[in-house]
Amino acid sequence: MIVTQATDWFDERLGIAKFTRKSLNKIFPDHWSFMLGEIAMYSFVILLFTGVFLTLFFVPSSKDVIYNGAYAPLRGTKVSEAFASTLNISFSVRAGLVMRQMHHWAANVFIAAIVVHVCRVFFTGAFRKPREINWLVGTGLLVLAIVNGFLGYSLPDDLISGTGIRIAFSIVLSVPVVGSYLAFLLFGGNFPGNSIIPRFYSLHILIIPALIVGLLSAHLAIMWHQKHTQFKGKGKTDRNVVGVAMWPAYAFQAGGFFFVTAAVIAILGGLVQINPIWLYGQYVPYRVSYAVQPDWYMGWLDGALRLMPSWEIQAFGHMIPNVFFPAVLLPGITFTLLGAWPFIEKKITKDNLEHNLLDNPRDVPWRTSLGVGILAFYVVLFFASSTDVLANSFSLSLNFVLWAFRILLFVVPPAAAYIAYKLSVEASEVPGIGRRKRALIISRSEEGAFSTSESAPRSISHEEVIEELPEEVKYHNVLDGTEEYVMPSAVSAVSTVINNVSVDVDLGPLPSGGTGVYQIPRSPRGSAPNGRSNEQEQQGDLDD
Amino acid sequence: MTQLHESAAVDAAPKGKGAEVFVGICFLLSVLATIGLAVTYWVGGQPQVEGILLFVTLGGIGIGMVAWGKYLVPQGPFVQEREVLKSEIVERQAMLASLDRGQKQLGRRSFLGKMLGASIGLFGAINLFPFLRSLGPVPKKALTTTPWKKDALIVGPDGRVVTTSTLEVGGVLTVFPSYDVGGAISQTILVRVANENWTTRPGRETWGPQGYLAFSKICTHAGCPVGLYQELTQQLLCPCHQSLFDVLTGATQVFGPAPRPLPQLPIYFDANGNLRAQSGYLEPVGPGYWERG
């Protein structure tokens with residue numbers, strides 16, 4: 001009854017009943033690949049929690065101090081406050097190191113999950129109408145995540161991240177026409193200046209997270225409104241959703257999955273060292289260490305910087321610097337094409353229909369092979385960011401490794417695309433592909449001849465009819481007037497009170513005696529061409 | 001006759017006791033690990049132990065919840081109809097009518113509309129001022145000049161003056177003008193080659209006294225310090241993107257993405273044998289930019 005009182009209290013003020021009922025009864029299609037986006041979202045929540053903890057101890061300042069903390073090897077050296085406070089978090093604040101490492105791991109997992117999620121959405125065609133807007137929002141989230149990862153990575157002011165900031169300055173500087181002004185505005189003057197750590201800090205903890213929260217909310221709201229896509233299968237059509245109910249099955253599975261994600265990030269943060277800045281030391285502009293590598297999600301840019309030939313355009317008294325091409329133009333083209341893909345595909349396929357059933361990647365060989373080819377391009381760039389390490393580890397000359405990668409960059413993508421195309425085409429031609437395999441029974445007759453027969457389908461439940469949630473059926477029947485509605489005495493008592501103050505209740509006069517039978521006025525449902533009464537077309541592949 | 005609220009069907013648990021026990025154990029482990037976490041924190045903390053205990057705490061809750069949601073409640077599958085996203089034609093027409101009405105009501109006063117646009121636009125532009133004016137100075141000559149001046153005394157990172165005997169042949173040292181030790185822009189790499197008074201290029205006959213050669217340490221590619229010197233090949237290597245510069249020919253780029261040689265600093269030994277700059281750099285140091293031409 002307490003629940004009833006509470007829900008009544010809110011419903012009389014906010015009218016939550018209808019929305020809450022729909023939400024609790026919302027059906028979520030079930031597939032492991034739908035959890036990739038969840039991993040990204042949960043990692044972001046963990047980033048917020050651990051990040052708030054870090055802000056309590058981090059000092060965003062490049063002011064020099066003499067380090068006097070717990071880490072003995074650096075005691076007495078001149079470091080920036082940012083670096084000193086990061087050491088303090090790592091060695092003196094209780095649970096500080098775990099929080100810091102969890103934050104860093106969560107960032108890596110966040111971006112990795114987004115990238116894999118983007119691949120899933122691309123290869124299954126989930127970006128098609130009506131989900132183009134959410135694809136654009138997602139592209140924005142990917143860019144923001146990468147930028148914020150880089151900013152956060154730069155904050156401790158250590159030798160490796162400081163070198164990264166130096167490269168970032170050169171990249172901003174390389175923008176045609178306004179580059180030098182942009183760089184000076186961002187850094188508050190020529191490199192290095194004293195402003196960049198505090199400015200990166202406000203971007204990292206305030207501005208970009210706020211943008212991410214906004215876009216993420218939009219992403220989820222749009223997804224909620226449009227409902228999930230689903231793979232083809234028994235009973236699944238473009239006009240329905242088949243899966244588990246939000247309450248309680250999905251809520252428990254998804255809520256539990258948050259904790260599982262957090263647990264994995266916690267054990268990474270506790271046991272797997274990441275970014276041990278005390279080994280790198282304070283950033284000093286004239287020092288640099290061997291094997292300078294950024295976090296993984298910047299690897300493709302670093303690789304592109306390395307593979308770029310030593311060209312630079314000088315004409316009419318102006319220069320387009322070398323780094324412009326790999327570090328400004330390439331990402332610009334990358335994210336523009338990524339964001340525009342749904343519209344590009346629409347131009348190619350002329351397909352303006354709404355799609356809620358997903359493609360199996362093998363069913364659309366041209367898109368799959370294109371995606372694999374483009375992905376291969378970035379994978380080669382990613383591995384190219386380790387040219388020096390590869391050359392050292394395998395005792396090859398740098399020259400050889402560099403040229404090998406330059407060639408691979410143009411050989412691997414078409415080869416990968418070709419293989420993906422062939423595999424898709426051949427796979428889709430295999431009879432019975434995608435269906436559950438049935439065991440074959442080999443039997444021997446009395447004469448000694450062998451014969452093969454298929455076993456019966458494995459589970460009987462697959463033959464059952466897929467039904468609507470019983471409460472939903474009942475609710476709609478009552479609305480349609482096919483079932484009569486009995487007002488429970490407790491609820492009717494409350495309604496009586498409401499009736500006295502609200503004139504909108506359309507239940508007619510209350511007969512004396514407490515409970516009564518009402519005929520709720522028919523509201524025309526299913527006025528759309530595919531109303532509930534219509535027999536739904538079974539257009540999915542029958543799965544066994 | 002039906003009741004909506006009381007009649008919600010309660011399905012029997014699809015999997016029985018085993019799953020219940022498993023979920024219970026998960027939650028119990030979580031509670032125990034949380035207690036352990038509190039104790040660990042209380043006694044001073046230990047990162048590895050904290051990581052493991054957090055894993056059990058969070059993992060226990062997580063796996064317990066997932067198992068509960070997967071094995072102890074009905075999974076369906078249930079089906080639900082998708083609502084049509086687009087509105088009925090009549091809805092769209094009604095919306096357009098309302099838009100139209102507003103537009104017509106405003107449209108009569110187009111001059112006021114332009115003024116409103118101008119006021120808002122101007123205010124928006126004003127908001128850019130702090131970004132354009134206060135965030136940083138205009139580059140002016142900052143990119144074309146360095147702190148190096150004529151006769152600047154050359155010192156090492158520790159502030160010690162460089163003399164004829166500071167470097168052995170094959171030695172290398174990062175140097176600065178004595179008034180800008182550690183400067184990010186003035187950083188210069190000094191190498192000593194075997195050849196006495198080496199001329200890297202025509203016109204630089206006096207720039208390499210006693211085999212000392214000084215080059216800007218800022219890579220012309222992306223600005224990293226060109227910090228690695230390979231004595232055998234007499235080449236400077238940038239560790240960021242592996243650009244290679246040949247010292248004897250004036251730090252010309254021989255490999256990698258760097259598009260230009262490292263600028264060379266003209267130097268000389270004064271009467272006391274201290275190394276000084278003949279002048280500043282004759283060209284801008286570091287990576288390229290639009291105005292460089």
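Chains A and B, in that order, are what the protein sequence lines are. So for the first sequence, the numbering used here puts the first residue at 1; every next one is plus one. So for the second sequence, the numbering used here puts the first residue at 1; every next one is plus one. Each residue gets a CB set at the ideal place from its N, CA and C atoms; glycine is no exception. Keep in mind it's a predicted model, so treat the numbers as computed, not measured.
{"Asked": "For Leu275/B, the first and last residue of its enclosing beta strand (DSSP E)", "Found": "275 to 277"}
{"Asked": "Contact the region 2 to 22 of chain A vs the region 68 to 87 of chain A: 3+ CB pairs below 8 Å", "Found": "no"}
{"Asked": "Candidates Arg75/A, Gly76/A, Pro73/A, Tyr67/A, of which the one nearest Ala82/A by Cα", "Found": "Tyr67/A"}
{"Asked": "Proximity test, Cβ basis, 9 Å: Leu330/A and chain E", "Found": "Absence of chain E from the displayed structure is noted, the protein chains being A and B."}
{"Asked": "Rounded straight-line distance, which links the Cα of Phe78/B to that of Ala253/A", "Found": "The residue asked about is misnamed: residue 253/A is Gln in this sequence, not Ala. So the two alpha carbons sit approximately 16 Å from each other."}
{"Asked": "Chain B contact for Asn356/A (CB, 9 Å cutoff)", "Found": "yes"}
{"Asked": "Ser23/A, buried or exposed, once every other Cβ within 10 Å from all chains shown has been counted against 16", "Found": "exposed"}
{"Asked": "Straight-line gap, Gln282/A to Val56/B (C-alpha atoms, nearest Å)", "Found": "35 Å"}
{"Asked": "Contact with chain A by Gly293/B, beta-carbon distance below 9 Å", "Found": "yes"}
{"Asked": "Simplified DSSP state of Leu357/A, which is helix, strand or coil", "Found": "strand"}
{"Asked": "Rounded separation between Pro176/A and Leu236/B - CA only", "Found": "29 Å"}
{"Asked": "Neighbour flag for Phe405/A against chain B, beta carbons, 9 Å", "Found": "no"}
{"Asked": "Sequence-distant residues of the same chain with beta carbon closer than 8 Å to Phe110/A, five excluded per side", "Found": "Ala40, Ser43, Phe44, Leu47, Ala145, Gly149"}
{"Asked": "Other residues of its chain near Leu167/B: CB distance less than 8 Å, five sequence neighbours each side excluded", "Found": "Leu173, Leu190, Val191, Arg192, Tyr212"}
{"Asked": "Cβ separation of Ser186/B and Thr146/B, assumed to be a contact under 8 Å, to the nearest whole Å", "Found": "5 Å"}
{"Asked": "Straight-line gap, Tyr183/B to Asp64/A (C-alpha atoms, nearest Å)", "Found": "Checking the sequence, you will find Gly at residue 183/B rather than Tyr. Gly183/B and Asp64/A: Cα-Cα distance of roughly 15 Å."}
{"Asked": "Ile167/A and Ala33/B closer than 9 Å at C-beta", "Found": "no"}
{"Asked": "Straight-line gap, Gly448/A to Ser455/A (C-alpha atoms, nearest Å)", "Found": "21 Å"}
{"Asked": "Distance CB(Pro342/A)-CB(Phe123/A) smaller than 9 Å", "Found": "no"}
{"Asked": "Below-9 Å beta-carbon distance, Gln264/B vs any chain A residue", "Found": "no"}
{"Asked": "Cβ separation of Thr188/B and Ser216/B, assumed to be a contact under 8 Å, to the nearest whole Å", "Found": "6 Å"}
{"Asked": "From Val90/B, His241/B, Trp207/B, Ile25/B, residue whose alpha carbon lies closest to that of Trp68/B", "Found": "Ile25/B"}
{"Asked": "His566/A versus Ile433/A - alpha carbon distance", "Found": "Nothing about residue 566/A can be read from this structure; chain A reaches only from 1 to 544."}
{"Asked": "Stretch-stretch touch, CB-based, cutoff 8 Å, three pairs: the region 363 to 371 of chain A with the region 420 to 429 of chain A", "Found": "yes"}
{"Asked": "Start-end ranges of the beta strand (DSSP E) lying completely within the region 219 to 278 of chain A, minimum 3 residues", "Found": "240 to 245"}
{"Asked": "contact_flag[the region 333 to 353 of chain A, the region 301 to 314 of chain A] where n(CB pairs < 8 Å) is 3 or more", "Found": "no"}
{"Asked": "The region 203 to 210 of chain B contacting the region 267 to 276 of chain A, beta-carbon criterion three pairs below 8 Å", "Found": "no"}
{"Asked": "9 Å Cβ cutoff, Ser7/B in contact with chain A", "Found": "Model confidence at Ser7/B stands at a pLDDT of 43, short of 50, so the residue's coordinates are unreliable and nothing is read from them."}
{"Asked": "Interface flag, Tyr41/B vs chain A, CB-CB below 9 Å", "Found": "yes"}
{"Asked": "Contact set for Ala251/A: own chain, Cβ-Cβ below 8 Å, skip 5 residues either direction", "Found": "none"}
{"Asked": "Partners in chain B for Thr86/A, counting only beta-carbon separations shorter than 9 Å", "Found": "Under the 9 Å cutoff, chain B gives no residues; its nearest Cβ is about 15 Å from Thr86/A."}
{"Asked": "For Tyr286/A and Gly193/A, the rounded distance between their alpha carbons", "Found": "14 Å"}
{"Asked": "Length of the line joining the Cα atoms of Phe259/A and Leu440/A", "Found": "42 Å"}
{"Asked": "is_contact[Ala38/B, chain A] using C-beta, thresh 9 Å", "Found": "no"}
{"Asked": "Euclidean distance between Cα positions of Trp42/B and Ala262/A", "Found": "22 Å"}
{"Asked": "Coarse secondary structure for Ser186/B, derived from DSSP in three states", "Found": "coil"}
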